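Chemist: Here it is, the structure, as structure tokens.
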Amino acid sequence: MRYILTLIIPFFTVLSFAQSNFPSFLPGTWKMENQEIYEHWDQLNESSLKGFSYKLKDGQITVSEYLDISETNNEITYTATVLNQNNGKGVIFRLTKTDSTFTFENPDHDFPKKIVYQKLNEKEIFLQVSDGRQKGFAYKMQKQIQKDFSKDTTSSNPNYDPILAQQLGADDYGMKSYVLVVLKTGANQITDKTFINNSFRGHMENINHLVKEGKMIVAGPLGKNDNTYRGIFILNVTNFEEAESLLQNDTAIKEGLLDIDLYKWYGSAALPEYLDLSDKIWKVKP
């Protein structure tokens with residue numbers, strides 16, 4: 001975790017959008033001083049940001065972690081999800097101080113426990129990462145000048161953002177592959193209501209779990225039809241084997257109350273980005 005967090009600290013400053021005295025100069029890409037290590041973030045709305053950290057070598061981007069910054073109930077949190085670490089779970093830091101410096105803390109984390117940053121000027125920031133005592137390090141990052149793609153004759157889209165496209169796994173058409181799951185009435189015709197209710201409770205729990213993991217991006221029932229189709233999932237995976245593995249804990253499927261058909265589906269790579277908004281518009285949880 002130590003290596004990764006050294007790459008992502010500047011994104012903490014993004015929490016400013018909820019506060020008038022919070023710096024608003026960070027959208028874009030920042031480069032660590034004397035190293036080909038970068039951080040980029042985009043503001044999705046007034047209370048949500050997505051970002052990632054990466055290395056650049058021979059013109060190729062290698063992403064090291066994905067970032068999520070959000071404000072909920074007047075609390076601002078920053079979550080770093082490091083690739084191939086912590087079983088895919090993010091580490092959360094909470095904003096604890098906002099005056100001349102901005103401090104984020106997680107006293108239960110091994111390292112770092114505290115991140116402090118300050119604006120030096122419009123093009124530089126200074127970061128301090130520590131265990132809250134003597135152990136730690138500090139460095140500068142410089143803001144990068146973004147290419148004006150509206151003047152690039154090789155790009156047909158003047159709004160094209162190559163960093164965001166890389167983050168979302170988009171191809172040249174802004175698309176990517178998913179797995180579409182069609183849910184059907186299963187072979188188990190049991191009438192025990194308790195059994196059925198418990199099975200579908202597990203069905204919903206697995207859906208919520210996969211949404212939190214970023215693996216399920218669409219889920220919903222279908223209207224009555226002649227094909228016994230009950231609903232659909234769109235899973236943020238590229239092959240049937242991984243899709244089947246993710247659905248192993250769905251008790252309605254496991255108990256045969258539901259059956260599945262799997263299809264490759266090609267859609268917009270930006271589709272997962274709607275999930276943050278979807279969590280803000282429901283009044284009653286299904």
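For the sequence shown, the numbering used here begins at 1 and goes up steadily by one.
Heads up, the beta-carbon is just placed ideally off N, CA and C, and yes, glycines get one too.
Just so it is clear, the structure is predicted and the values come from calculations on it, not from any experiment.
Would you kindly check if the distance between the Cβ of SER268 and the Cβ of GLY132 is under 9 Å?
Modeler: Taking the sequence shown and counting its residues from 1, the one referred to as residue 132 is at position 132. Taking the sequence shown and counting its residues from 1, the one referred to as residue 268 is at position 268. Not closer than 9 Å, so no.
Chemist: Let me know the secondary structure DSSP gives ASN206 once reduced to three states.
Modeler: On the sequence shown, position 206 is the one that residue 206 refers to. If DSSP states are grouped into helix, strand and coil, ASN206 belongs with the helices.
Chemist: With H, G and I counted as helix, E and B as strand and the rest as coil, what does DSSP make of VAL181?
Modeler: As a position in the sequence shown, residue 181 is number 181, starting the count at 1. Strand.
Chemist: Should the region 208–216 be called in touch with the region 257–271, which here means at least 3 C-beta pairs below 8 Å?
Modeler: no
Chemist: Does the distance from the CB of LEU183 to the CB of ILE253 come in under 9 Å?
Modeler: Counting from one through the sequence shown, the residue named residue 183 turns up at place 183. Counting from one through the sequence shown, the residue named residue 253 turns up at place 253. Yes, they are a contact pair.
Chemist: If we ignore side chains and look at the alpha-carbon of each, how far apart do TYR266 and ASN206 end up?
Modeler: Counted from its first residue, the sequence shown places residue 266 at position 266. Counted from its first residue, the sequence shown places residue 206 at position 206. Computed Cα separation, rounded: 24 Å.
Chemist: If you count every other CB in all the chains shown that lies within 10 Å of the CB of LEU247, and 16 or more means buried, which is it?
Modeler: Translated into positions along the sequence shown, residue 247 becomes position 247. By the neighbour-count rule (16 or more Cβ atoms within 10 Å), LEU247 is buried.
Chemist: For the 8 Å Cβ check, are there 3 or more pairs between the region 81–89 and the region 51–71?
Modeler: Segments in contact, yes.
Chemist: As a quick exercise: from PRO162, ILE190, LEU26, pick the residue whose alpha carbon is nearest that of GLU124.
Modeler: The residue labelled residue 124 in the question sits at position 124 within the sequence shown. The residue among PRO162, ILE190, LEU26 with its C-alpha nearest the C-alpha of GLU124 is LEU26.
Chemist: When DSSP labels each residue in this structure, what does ASN45 get in the three-state scheme?
Modeler: Position 45 of the sequence shown, counting from 1, holds the residue named residue 45. ASN45: strand per DSSP, three-state reduction.
Chemist: How many whole angstroms separate the CB atoms of LYS140 and GLU39, which I take to be in contact at a CB cut-off of 8 Å?
Modeler: As a first step, residue 140 must be located in the sequence shown, where it is residue number 140. As a first step, residue 39 must be located in the sequence shown, where it is residue number 39. That belief does not hold up - the Cβ atoms of LYS140 and GLU39 are roughly 13 Å apart, past 8 Å.
Chemist: Would you kindly work out how many angstroms separate the C-alpha atoms of LYS119 and GLU46, rounded to a whole number?
Modeler: Translated into positions along the sequence shown, residue 119 becomes position 119. Translated into positions along the sequence shown, residue 46 becomes position 46. Going by the C-alpha atoms only, they are around 21 Å apart.
Chemist: Relative to the C-alpha of PHE102, which candidate in VAL91, HIS109, LYS114, ASN197 has its C-alpha closest?
Modeler: For this step, residue 102 is matched to residue 102 along the sequence shown. Considering only alpha carbons, the answer is LYS114.
Chemist: Which residues in the same chain have their Cβ closer than 7 Å to the Cβ of HIS109, if we skip the five residues on either side of it in sequence?
Modeler: Counted from its first residue, the sequence shown places residue 109 at position 109. These residues qualify, in order along the chain: VAL91.
Chemist: Under the DSSP definition of a beta bridge, which residues are partnered with TYR263?
Modeler: Walking along the sequence shown from the start, residue 263 turns up at place 263. Its beta-bridge partners are LEU180.
Chemist: Any heavy atom of the ligand FMN closer than 8 Å to the beta-carbon of ARG230?
Modeler: You won't find the ligand FMN in this model; it holds no ligand whatsoever.
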